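Novice:
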Amino acid sequence: EAGVAQSPRYKIIEKRQSVAFWCNPISGHATLYWYQQILGQGPKLLIQFQNNGVVDDSQLPKDRFSAERLKGVDSTLKIQPAKLEDSAVYLCASRAPGDNEQFFGPGTRLTVL
Amino acid sequence: GEDVEQSLFLSVREGDSSVINCTYTDSSSTYLYWYKQEPGAGLQLLTYIFSNMDMKQDQRLTVLLNKKDKHLSLRIADTQTGDSAIYFCAECSSASKIIFGSGTRLSIRP
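Protein chains in written order, with the numbering used here: chain A, -2 to 110; chain B, 5 to 114.
Below, the structure is given as C-alpha cells:
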C-alpha cells in the first residue's frame, strides 16, 4: 500500500512570495489533515477535511493560508504572502473511516528568507 | 485549554530501558498516542492506548496511563541505537482533534 505522498519535499522562498504544497493521501482515506511543525515543536493542526468538506480550520491563519480538496482526494495548501514565521515543515496526514491511526507523509520543509 | 507536555531530552545507555513521560490536560481524551519521528521523516505511530486502559504492552514497548494524574509514559526495553528519534505524545481531544506535545529527543550512549 502506497503511503501519503507530498511534494515538493523542500521549498525556499522569499517573504511576501506565494507557495503551494500538494498532498496525495492513501487511497480510500476520507479524512485528510494538514499540520504545521515549527522546529522544536510538535505538529499543530491547520485544517481537517472529511472528503471535500472542511471539518476544522480553527487554527488556519485565513488571511494568508488557504487549502482545498476539491474532489475529495488530493489536497493543496497555499500560503500567500509568506512571512518569515511560516518557516516550518508542513505535514499531511490521512485516516481511513473508522480507524484511529493517522498516516503521515514525509512533509514539505519550507524556508522563508 | 488543551495542552500536552513532555521533557525535551532523554539520554540512555544502549541496552538500558528508556522511559519517556508526558502529561495532558483533557480529561475526556479518548485515545493517547506515542509517535516516533526520525530525522527527515514523517511521524510514525508507535502505539496508542484507550483511555479506559491502564497499560498496554507491545513487544519492547510498554505504555502506562494514569488517568487520575493525566500522566502517560512510554517504556522502551533494551534500547537500541535505532531507537534514536524524537518521540511525541499526543491526545485525541473531545473535539476529535489530536494535540501533540513538543517531543522528547531520545539519544543513545554506547
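Note that beta-carbon positions come from the ideal geometry of N, C-alpha and C, so glycine has one too.
Quick caveat: nothing in here was measured; it's all calculated off a predicted structure.
Could you tell me whether any Cβ in chain E is nearer than 7 Å to the Cβ of G86 (chain B)?
Specialist: Here the protein chains are A and B, and chain E is not one of them.
Novice: List the whole-angstrom C-beta distance separating S55 (chain B) from Y35 (chain B), where the pair is believed to meet the contact cut-off of C-beta under 8 Å.
Specialist: Indeed they touch by this definition, with Cβ atoms about 7 Å apart.
Novice: Pull the bridge partners of I9 (chain A) from the DSSP assignment, please.
Specialist: Partner(s): A:T108.
Novice: Quick check: what's the CA-CA separation for S84 (chain A) versus P22 (chain A)?
Specialist: Using only the alpha carbons, I get a separation of about 23 Å.
Novice: Using a Cβ cut-off of 7 Å, which residues of the stretch 17 to 35 of chain B contact any Cβ in chain A, in chain order?
Specialist: Result list: Y35.
Novice: In angstroms with no decimal places, state the Cα-to-Cα distance between L78 (chain B) and L110 (chain B).
Specialist: Between L78 (chain B) and L110 (chain B), the C-alpha separation is close to 12 Å.
Novice: Whose Cβ in chain B lies nearer than 7 Å to the Cβ of F101 (chain A)?
Specialist: The contacting residues are G46 and L47.
Novice: Measuring CA to CA, which of A:Q99, A:L110 and A:G104 is closest to Y37 (chain B)?
Specialist: Out of A:Q99, A:L110 and A:G104, A:Q99 has the C-alpha closest to the C-alpha of Y37 (chain B).
Novice: Going by alpha carbons, who is nearest to D62 (chain B) out of B:Y52, B:K71 and B:F104?
Specialist: Closest by alpha carbon: B:Y52.
Novice: For E18 (chain B), which three-state DSSP category applies?
Specialist: DSSP places E18 (chain B) in coil when its eight states are reduced to three.
Novice: So, is T105 (chain A) buried or exposed, given that buried needs 16 or more other C-beta atoms within 10 angstroms?
Specialist: So T105 (chain A) ends up on the buried side.
Novice: Between which two residues does the beta strand (DSSP E) harbouring E65 (chain A) extend?
Specialist: Segment F62 to E65, the beta strand (DSSP E) holding E65 (chain A).
Novice: May I ask you to report which of helix, strand or coil DSSP gives L68 (chain B)?
Specialist: If DSSP states are grouped into helix, strand and coil, L68 (chain B) belongs with the strands.
Novice: For the stretch 36 to 51 of chain A, list every residue whose C-beta sits within 9 Å of some C-beta in chain B, in sequence order.
Specialist: Listed by position, the residues of the stretch 36 to 51 of chain A near chain B (Cβ gap below 9 Å) are G37, Q38, G39, P40, K41, L42 and Q45.
Novice: Quick one: grab the DSSP three-state call for T85 (chain B).
Specialist: Reduced to three states, the DSSP call for T85 (chain B) is helix.
Novice: Where does L3 (chain B) sit, in a helix, a strand or coil, going by DSSP?
Specialist: As displayed, chain B neither begins before 5 nor continues past 114, which places residue 3 (chain B) out of reach and without an answer.
Novice: How about S91 (chain A) and L42 (chain A): are their beta carbons less than 7 Å apart?
Specialist: The answer is no: Cβ separation not under 7 Å.
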